[in-house]
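*Asks:* Numbering (UniProt numbering), first residue to last: 1 to 981.
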């Protein structure tokens, strides 16, 4: 018997997909195998329960949510049943992810042709449901063109194999008669062009098309049958695909050239406008984007075949570039640059989830699906695009344009307001008029995502009343009770019914208390950034994955960014999840490591770490907290206390060195007794600086130049300043003999637990010719932020602003040592003290060591110091999560490459993440995360130097693998310094 999930947490997660809609199911099933899947379907049908099949929930049109029962096949019904490379066929269960098919086929030079942007998480069942396409459908066809047979169950409970040929339609009594009675209607209105996937694709049932029942069922969106297994056709992979990039003044000009480009038989023709590229370039951690030819819109044209060598393909590509109506061209053989360009296009659905931020501060509005994939015949595309952009302009609607232009399919997410009553009316008017435009240009409301709840109501604007009636008759032959995916295609729900945002209420801000969300108008808008594209669910399919380390460990969607966002969205409507103290919310947030990777890796820019902090703050404000918050969450305070007590550090180490005492204390404070307590440093960093020459002589500047926290501007300092700051303001370099000032800020960890990194930074900068100043100890409040103790974090930050503010205002670089704390200065500081200009100045002045050494304005004089020669040195580098996501590790990567070191760069969290890996109930997950990249790399390279700037990363490696890590500064000081360390 299948076990049904009926708890509020799972019902919240399954209440929506990647669309605008929310329908709460009564229960969810995750069948263990095909027998359970069959039994679950038949039980629902026998009891009259509405049934919706679901894969990974990446539907943009709302066709994988519904009332009654939702069956998720992705968890267990995901086996590859057979594979015949010689016949180029594969048989799979419906929960198989498309990426798994590609992995199986790759050694044989085969792949599944359709590749939607969600191919790393989209399942076969879902792809069959909406007739998925992707960029290469132009060459290799839609899912319908690549299906051989389907084993299905219809709404009567009849199980049969859908295939093609004589007698194929006999499986559904009355179907052939209905088709034969309407041949002229079907031939006139169905299958007019390649991307016409709206409604039922009755053209496949025509005698001249082989009476192919399997192809017909593809794209029926689960309204006619439920799929048990599918046999698919595979295609040969091109040997050496070449990309041609063509630049145009705008998307209309690009669309005008598409028919000419298609004459060259490309594999794919993708289009995107400059604002999409600009949006990606603004994301931290992305690194340098490839150079594009001049223009405001581009066509990415891929060429090649399995029987064509690189030379031949390049010749055809150059011919195309010469023929195109633009001179802004670039021909790229297989390369990293071409891969990065495809990534921009693949992330379009998420990147398009916001309108671009304009120079005047406007823009950055939420942009929603619902009209994201209309298609017209390619020869009509430019005219349609002209009319569509005129409509957008007339109705003051914005969105970034991109899509499969070679097939005439245009993607765009629009900033239509969906929450207020007036907004819904405006949305309806726009969508109805847009549908009329599609009809005018002989197109399809959907070009690959299906009609779902977003467009089914609009089908009468595309098809005649006679064909709409025929659709209803077909539905009655398969599912007369309307139990299969009700509300979609036939007898559709209104397009503005069940909108997720309609139920969402504004979560009132807590002025001067909680987080601010400067990129969103409020907390409700922030958590609704997640549109459900589900990139977080694909991390096990992606090389160098960072996002959602806990999901990688558990495989449960509640532990992925999307799952947590869905639960937080439920808080905003207060139905399934009542409030911030709701145990279901706390359960969903429990395994979030606050790694911030989603803020960079998720194309929507969601920041679950900040949402978790805000949620914990609201949950535990003025009440008792989890016990670990009082020990590790307030660790900086304990460190200060230990320093004030004579011999305090040694005493603490002695106490925690006694096993039974440590275990007792850990149990009392909610920590796992199997973990070890970090040792307090016998000599603090501050004491070390005094013993090694001071570093406390302040730069000369007038502190009167520091503005009041309540003023709106930050004037220049009025007194004398250090040479580096003055030169920077004058736009010139300091004199070679002058030593530029730099402040080395030691966080609480570097000050009291692991000062070696801070000491190495000071030594290195002194050697490199800087005048080093070490400010008084000042905690950034990181541990308070991660545990949601935001009042205490803000108190610490105000003290920090008093100490670092004058330095920042006077242009002195502030170099952080610990990445997580450095990231706090660059990110959380401004969001917790939004009205303090010192906070903004500190954020701008804060640098990583690599940034300081690499920026031409702050780099050391090469006559004084140069990077060491590390050729022959092998380094295993673990970038800290916050370094990757907030600060960006690209500069460190380039700097290490310049040393000549052989670097093995790890991707993903180490699993410790501050207090997370220490807390009871987290250790096993922490270890599984470490096994993703860190521990295997340390075992594979036992003699390599382990480079980890993060204290947590070093702690995890030491406790789980016995590996001692060093800071980047220690590495750059050279071999002798590393031996001494």
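Note that CB positions come from ideal geometry on N, CA and C, so glycine has one too.
Contact between the stretch 448–468 and the stretch 486–497 is defined here as three or more beta-carbon pairs at a separation below 8 Å; is this criterion met?
*Replies:* Yes: the two stretches touch, three or more of their Cβ pairs being nearer than 8 Å.
*Asks:* Shortest alpha-carbon distance to residue 635 belongs to which of 617, 178 and 787?
*Replies:* Counting from 1 along the chain shown, the entry for residue 635 is found at position 635. Answer by Cα proximity: 787.
*Asks:* Give the range of the beta strand (DSSP E) segment to which residue 53 is assigned.
*Replies:* The count along the chain shown starts at 1 and reaches residue 53 at position 53. 51–54 is the extent of the beta strand (DSSP E) around residue 53.
*Asks:* If you reduce the DSSP assignment to three classes, tell me which class residue 931 lands in.
*Replies:* As a first step, residue 931 must be located in the chain shown, where it is residue number 931. Reduced to three states, the DSSP call for residue 931 is coil.
*Asks:* Can you find the residues in the same chain that come closer than 8 Å, C-beta to C-beta, to residue 397, ignoring five residues on each side of it along the sequence?
*Replies:* Here residue 397 refers to the residue found at position 397 when the chain shown is read from its first residue. Here the set comprises 391, 414, 415, 416 and 430.
*Asks:* Use the C-beta contact count for residue 628: other C-beta atoms within 10 angstroms, 16 or more gives buried, fewer gives exposed.
*Replies:* If you number the chain shown from 1, residue 628 lands on position 628. Residue 628 should be labelled buried.
*Asks:* Residue range of the alpha helix (DSSP H) that residue 795 falls in?
*Replies:* In the chain shown, counting from the first residue as 1, residue 795 sits at position 795. Run containing residue 795: 790–809, per the alpha helix (DSSP H) assignment.
*Asks:* Measuring CB atoms only, is the stretch 183–192 touching the stretch 509–528, in the sense that at least three cross pairs come out at less than 8 Å?
*Replies:* no
*Asks:* Is the Cβ-Cβ distance between residue 1005 and residue 63 less than 8 Å?
*Replies:* With the chain covering 1 to 981 only, the question about residue 1005 has no answer from this structure.
*Asks:* Could you tell me the alpha carbon to alpha carbon distance between residue 2 and residue 31, rounded to whole angstroms?
*Replies:* Here the question's residue 2 lines up with position 2 in the chain shown. Here the question's residue 31 lines up with position 31 in the chain shown. Going from the Cα of residue 2 to the Cα of residue 31 covers about 6 Å.
*Asks:* With contact counted as at least three CB pairs below 8 Å, one residue from each stretch, are the stretch 464–471 and the stretch 76–83 in contact?
*Replies:* No, the stretch 464–471 does not touch the stretch 76–83.
*Asks:* Report buried or exposed for residue 311, applying the criterion of at least 16 other Cβ atoms within 10 angstroms of its Cβ.
*Replies:* Numbered from its first residue, the chain shown carries residue 311 at position 311. Exposed: under 16 other Cβ atoms inside 10 Å.
*Asks:* Report the three-state DSSP secondary structure of residue 617 (helix, strand or coil).
*Replies:* Your numbering for residue 617 matches position 617 in the chain shown. Helix.
*Asks:* If you compare alpha carbons, which of 530, 323, 356 and 307 is closest to residue 274?
*Replies:* In the chain shown, residue 274 corresponds to position 274, counting from 1. The residue with the shortest Cα to Cα distance from residue 274 is 356.
*Asks:* Curious, which full-length alpha helix (DSSP H) runs of at least 4 residues does the UniProt domain "4Fe-4S ferredoxin-type" (583–611) contain?
*Replies:* 583–590 and 598–601
*Asks:* Give the secondary structure of residue 784 by DSSP, where H, G and I count as helix, E and B as strand, and everything else as coil.
*Replies:* Numbered from 1 along the chain shown, position 784 holds the residue referred to as residue 784. Three-state result, residue 784: helix.
*Asks:* Hey, how far is the Cα of residue 208 from the Cα of residue 342?
*Replies:* Residue numbering aside, residue 208 sits at position 208 when the chain shown is read from its first letter. Residue numbering aside, residue 342 sits at position 342 when the chain shown is read from its first letter. Near 38 Å, if we compare the C-alpha coordinates of residue 342 and residue 208.
*Asks:* According to DSSP, is residue 84 part of a helix, a strand, or is it coil?
*Replies:* For the purposes of this step, residue 84 is taken as residue 84 along the chain shown, with counting starting at 1. In this structure, DSSP gives residue 84 an extended state, which the three-state scheme calls strand.
*Asks:* Tell me which residues share the same chain as residue 617 and place their Cβ nearer than 6 Å to its Cβ, disregarding the 5 neighbours each side in the sequence.
*Replies:* Within the chain shown, numbered from 1, the residue matching residue 617 stands at position 617. 514, 788 and 790, listed in sequence order.
*Asks:* Can you tell me whether residue 322 is buried or exposed, with buried defined as 16 or more other CB within 10 angstroms of its CB?
*Replies:* The sequence position of residue 322 within the chain shown is 322, counting from 1. So residue 322 ends up on the exposed side.
*Asks:* Can you round the beta-carbon distance between residue 237 and residue 332 to whole angstroms, since I take them to be within the 8 Å contact cut?
*Replies:* Here residue 237 refers to the residue found at position 237 when the chain shown is read from its first residue. Here residue 332 refers to the residue found at position 332 when the chain shown is read from its first residue. That pair is no contact at about 18 Å.
*Asks:* Taking the alpha-carbon positions, what's the residue 663 to residue 547 distance?
*Replies:* As a first step, residue 663 is located in the chain shown; it is residue number 663 there, counting from the start. As a first step, residue 547 is located in the chain shown; it is residue number 547 there, counting from the start. In a straight line, the C-alpha of residue 663 is about 32 Å away from that of residue 547.
*Asks:* Among the residues of its own chain, which have a CB less than 7 Å from the CB of residue 842, if the five just before and after it don't count?
*Replies:* As a first step, residue 842 must be located in the chain shown, where it is residue number 842. Taken in chain order, the residues that qualify are 801, 804, 805, 808, 814, 825 and 829.
*Asks:* On the DSSP letters alone, give me the boundaries of the beta strand (DSSP E) that residue 982 sits inside.
*Replies:* Because the chain is modelled from 1 through 981, residue 982 falls outside the range shown and cannot be assessed.
*Asks:* Smallest Cα separation from residue 675: which of 919, 220 and 385?
*Replies:* Within the chain shown, numbered from 1, the residue matching residue 675 stands at position 675. Comparing Cα-Cα distances from residue 675 to each of 919, 220 and 385, the minimum goes to 919.
*Asks:* Secondary structure at residue 1, three-state DSSP: helix, strand or coil?
*Replies:* Taking the chain shown and counting its residues from 1, the one referred to as residue 1 is at position 1. Coil at residue 1, not helix or strand.
*Asks:* Between which residues of its own chain and residue 41 is the CB-CB distance below 6 Å, once the five residues before and five after are set aside?
*Replies:* Position 41 of the chain shown, counted from the start, is the residue given in the question as residue 41. So the qualifying residues of the chain are 153 and 226.
*Asks:* Could you say if the stretch 593–608 and the stretch 547–563 meet the contact criterion of at least three C-beta pairs nearer than 8 Å?
*Replies:* Taking a contact to require three or more Cβ pairs closer than 8 Å, the stretch 593–608 and the stretch 547–563 qualify as touching.
*Asks:* Can you give me the start and stop residues for the beta strand (DSSP E) that residue 910 sits inside?
*Replies:* Residue 910 sits at position 910 when you count from the first residue of the chain shown. Here residue 910 belongs to no beta strand (DSSP E), and DSSP marks it neither H nor E.
*Asks:* Would you call the CB atoms of residue 138 and residue 246 closer than 8 Å?
*Replies:* Locating residue 138 in the chain shown gives position 138, where the first residue counts as 1. Locating residue 246 in the chain shown gives position 246, where the first residue counts as 1. If you check the CB distance, residue 138 and residue 246 do not come in under 8 Å.
*Asks:* Can you give, in chain order, each stretch of the beta strand (DSSP E) that sits fully within the stretch 268–349 and has at least 3 residues?
*Replies:* 268–273, 297–303 and 329–332
*Asks:* According to the neighbour-count rule (16 or more other Cβ atoms, all chains shown, within 10 Å of its Cβ), is residue 792 buried or exposed?
*Replies:* For the purposes of this step, residue 792 is identified with residue 792 of the chain shown, where counting begins at 1. Label assigned to residue 792: buried.
*Asks:* Could you compute how far the alpha carbon of residue 964 sits from the alpha carbon of residue 538?
*Replies:* Stepping through the chain shown from its first residue, residue 964 is reached at position 964. Stepping through the chain shown from its first residue, residue 538 is reached at position 538. Roughly 32 Å separates the two Cα atoms.
*Asks:* When burial is assigned at 16 or more other CB atoms within 10 Å of the CB, is residue 897 buried or exposed?
*Replies:* Here residue 897 is taken as the residue at index 897 of the chain shown, counted from 1. Under this definition residue 897 is an exposed residue.
*Asks:* Is residue 446 helix, strand or coil when you go by DSSP?
*Replies:* As a position in the chain shown, residue 446 is number 446, starting the count at 1. Three-state result, residue 446: coil.
*Asks:* Please specify which runs of the alpha helix (DSSP H), each continuous and at least 4 residues long, are wholly inside the stretch 805–876, giving them in chain order.
*Replies:* 819–826, 828–832, 837–845 and 849–854
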